[in-house]
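Going by the working numbering, the sequence shown opens with residue 424, and the numbers climb by one from there. A short worksheet on the structure shown next.
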Amino acid sequence: MKSARAIALSIAAAALSACATLPSSAPGAPTGSSTIPSTPLDLGDWRRASVSATLQHFQSQVSARYGVGLTFAAVTADLRNQGFTCAPPRTDGRGDPPSQVCRQTQTASGCTHTWQVLLFDENSNARLARTRGLYDRSCANDGLLGGPG
């Protein structure tokens, strides 16, 4: 009986100490760059590089440029100054949609190149929580889903 009580007290103490170490849910200070560079966002060598190489380069540029904690107003203003169009996405109540989608499209040599920056906030606080950079190329001779025509 005494050992059962000792075990129960040990479990309760462990549970209580675990609760005390949980991080708070309040938003923290910005962790990335607190300012946006004045240089243009580098879209990559999209005319010559593969789609995957361009995508990887663009993703790293977006992550490095737009640090967590920046205001949406500053990020969207920077993207608009660089030829992107930004708008909230259509929502259907599923998943974790971004708060803003910024898109730029260029056509060259029979191909359409599209860059997107997805901006996510936390608890609708209009501050950047994370980004996602996307790139796609679609050419006239591509078939369904980019395969042979």
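Note that beta-carbon positions come from the ideal geometry of N, C-alpha and C, so glycine has one too. Note that the coordinates shown come from a computational prediction; the quantities given were computed from them, not determined experimentally.
- DSSP places Arg-503 inside the alpha helix (DSSP H), whose first and last residues are 495-504.
- With respect to Leu-557, Gln-482 sits close: the two C-beta atoms are nearer than 9 angstroms.
- Contact between the region 463-471 and the region 512-526 is not established, with fewer than three Cβ pairs separated by less than 8 angstroms.
- In its chain, beyond the 5 residues on either side, Pro-520 have a beta carbon closer than 6 angstroms to the beta carbon of Thr-514.
- Taken through DSSP and simplified to helix, strand or coil, Ser-561 comes out as strand.
- Within the DSSP secondary-structure output, Gln-527 pairs in a beta bridge with Trp-538.
- Residues of the same chain with a CB within less than 8 angstroms of the CB of Gly-506, apart from the 5 flanking positions on each side, are Gln-527 in chain order.
- For Val-485 against Thr-554, the beta-carbon gap comes to about 5 angstroms, under 8 angstroms, which counts as contact.
- Within a 10 Å sphere around the beta-carbon of Arg-471 sit fewer than 16 other beta-carbons, which makes this residue exposed.
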